[in-house]
Amino acid sequence: MSQKFSAVLMNEKDNVATVLANVDRHSLVSAVFGNKEYEIELLQPIPFGHKFALNLITKGEKIFKYGEVIGIASCEIAKGEHVHVHNLEGTRGRGDISAE
1 MSQKFSAVLM
11 NEKDNVATVL
21 ANVDRHSLVS
31 AVFGNKEYEI
41 ELLQPIPFGH
51 KFALNLITKG
61 EKIFKYGEVI
71 GIASCEIAKG
81 EHVHVHNLEG
91 TRGRGDISAE
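Residue 20 in UniProt numbering sits at position 20 of the sequence shown, and the numbers go up by one each step.
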C-alpha cells in the first residue's frame, strides 16, 4: 500500500492546497476543511510547500489560497497538477489586472 500524504487547506474558497512534504507523482494526498474532503492523486512530483489543484482550474480562473486571490491560471490546470509560476500569473501590483 502506498503512503498517503497531507496537505494544508485553509479556507472554503481555496481551489489549491499546499503539500507538507516532498510528494512523488501518483501519490495520494488528502486535504480537509470543514465538511470538504479531498483525496487527490498527484499528476507530477510536488516539492514541500508547493500547491496543487483541488479541481480543474480553467484558463483565466482566479486561484485562491488562504481565501485570497493569489493570481489567475495562465492555462488549464488539471486536478492534481502542480500550481506554480509556469501556470499561475500573479495579479498583485500589476495595475492592469484587479487582484480581487
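Even for Gly, the Cβ is constructed at its ideal location relative to N, Cα and C.
For the candidate residues the options, whose alpha-carbon lies nearest to that of residue i?
{"i": "ARG25", "options": "LYS36, HIS86, ALA31 and PHE5", "result": "PHE5"}
{"i": "ASN82", "options": "ASN35, GLY67 and VAL19", "result": "Reading off the sequence, residue 82 comes out as His, not Asn. Minimum Cα distance to HIS82 is reached at VAL19."}
{"i": "ALA21", "options": "ILE70, LEU42, ILE57 and CYS75", "result": "LEU42"}
{"i": "ILE77", "options": "ASN15, GLU12 and ILE57", "result": "ILE57"}
So, residue i versus residue j, is the Cβ gap smaller than 8 Å?
{"i": "LYS79", "j": "ASN55", "result": "yes"}
{"i": "VAL8", "j": "ALA17", "result": "yes"}
In angstroms, rounded to a whole number, what distance separates the CA positions of residue i and residue j?
{"i": "LEU88", "j": "GLU39", "result": "22 Å"}
{"i": "LYS84", "j": "GLY67", "result": "Looking at the sequence itself, residue 84 is His, so the reference to Lys does not match. Roughly 17 Å separates the two Cα atoms."}
{"i": "GLN44", "j": "ILE72", "result": "20 Å"}
{"i": "MET10", "j": "ILE70", "result": "14 Å"}
{"i": "MET1", "j": "SER74", "result": "Model confidence at MET1 stands at a pLDDT of 40, short of 50, so the residue's coordinates are unreliable; what they give is reported in the following sentence. If I take the Cα positions, the gap works out to 36 Å."}
{"i": "ASP14", "j": "GLY34", "result": "12 Å"}
{"i": "HIS86", "j": "GLY49", "result": "16 Å"}
With burial defined as no fewer than 16 other Cβ atoms inside 10 Å of the residue's Cβ, what is the status of residue i: buried or exposed?
{"i": "LYS51", "result": "buried"}
Is the region 23-40 touching the region 58-71, taking contact as three or more C-beta pairs under 8 Å?
no
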